[in-house]
Structure formats: structure tokens, C-alpha cells
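With my numbering applied, the sequence shown corresponds to residues 1 to 87, in that order.
Reviewing the structure listed below.
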Amino acid sequence: MRKKSLGWILVIILLGAFIGSALGEILAYVLPQGVVKEFFLRSAEFGLGPATLNLIVLTFTLGFTIKLNVISVLGIAIAAYLLRWAQ
1 MRKKSLGWIL VIILLGAFIG SALGEILAYV LPQGVVKEFF LRSAEFGLGP
51 ATLNLIVLTF TLGFTIKLNV ISVLGIAIAA YLLRWAQ
């Protein structure tokens with residue numbers, strides 16, 4: 001079994017997070033109002049606010065936010081499991 005690169009691992013984990021988040025958004029429309037919907041869709045946000053670099057001619061603004069809910073964490077766990085067994 002060959003060693004997987006860090007870049008490949010990050011891509012798979014991020015893909016799992018994206019798929020989990022997409023499934024969470026779909027569940028938001030399918031599930032009726034209630035405790036179950038609130039449990040699966042309540043999220044925590046982590047991030048860095050926008051930082052600006054002004055180079056007079058060009059200005060860069062960069063920031064990011066990660067929004068995690070139960071479904072996206074489940075997607076990450078499934079992606080990590082599949083990564084372990086992928087060739």
C-alpha cells in the first residue's frame with residue numbers, strides 16, 4: 001500500500017465536507033420542522049475575517065469561513081473511511 005500525499009488527503013476530506021453540506025441543504029427542504037431537523041442542521045462557524053493587502057495598484061482581500069453541521073461531519077467521516085481503503 002503506497003503512502004497518500006497530504007494534498008490528496010485534503011482534497012478527499014474537503015470533498016466529503018462539500019457533499020455532506022449539500023446533503024444537509026437538501027435535508028433542510030425535506031425534513032419537517034422539529035427537533036430532528038434542528039439537530040442535523042444546526043451548525044458551527046469557524047473562520048478568519050477578511051484581511052486586506054493594499055499594493056497601491058492591486059488590492060487583495062482574503063478570508064474564509066468553515067460551516068460544520070452533523071451531516072457535513074458525517075460526510076467527512078465517510079470520506080476519511082473511503083480514503084483509508086482507496087488504492
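Note that the Cβ used here is the ideal one computed from N, Cα and C, for glycine as well.
On a predicted model such as this, the values are computed, not experimentally measured, just so you know.
Residue i burial status per 10 Å Cβ neighbour count (16 or more: buried)
| i | result |
| --- | --- |
| S5 | exposed |
| I76 | buried |
Check whether residue i and residue j have beta carbons under 8 Å apart
| i | j | result |
| --- | --- | --- |
| L41 | L27 | yes |
| V70 | F46 | no |
| I78 | G7 | no |
| L83 | I12 | yes |
Inter-residue spacing [alpha-carbon to alpha-carbon] between residue i and residue j
| i | j | result |
| --- | --- | --- |
| A44 | L74 | 14 Å |
| F53 | L62 | It is Leu, not Phe, that sits at residue 53 in the sequence shown. Cα-Cα distance, rounded: 9 Å. |
| V30 | I56 | 49 Å |
| A80 | G34 | 30 Å |
Bridge-paired residues (DSSP) for residue i
| i | result |
| --- | --- |
| G47 | T65 |
| F60 | L53 |
- Task: Please list the segments of the alpha helix (DSSP H) lying wholly inside the region 4-34, counting only runs of 4 or more residues, in order along the chain.
- Result: Qualifying alpha helix (DSSP H) stretches, in chain order: 6-30.
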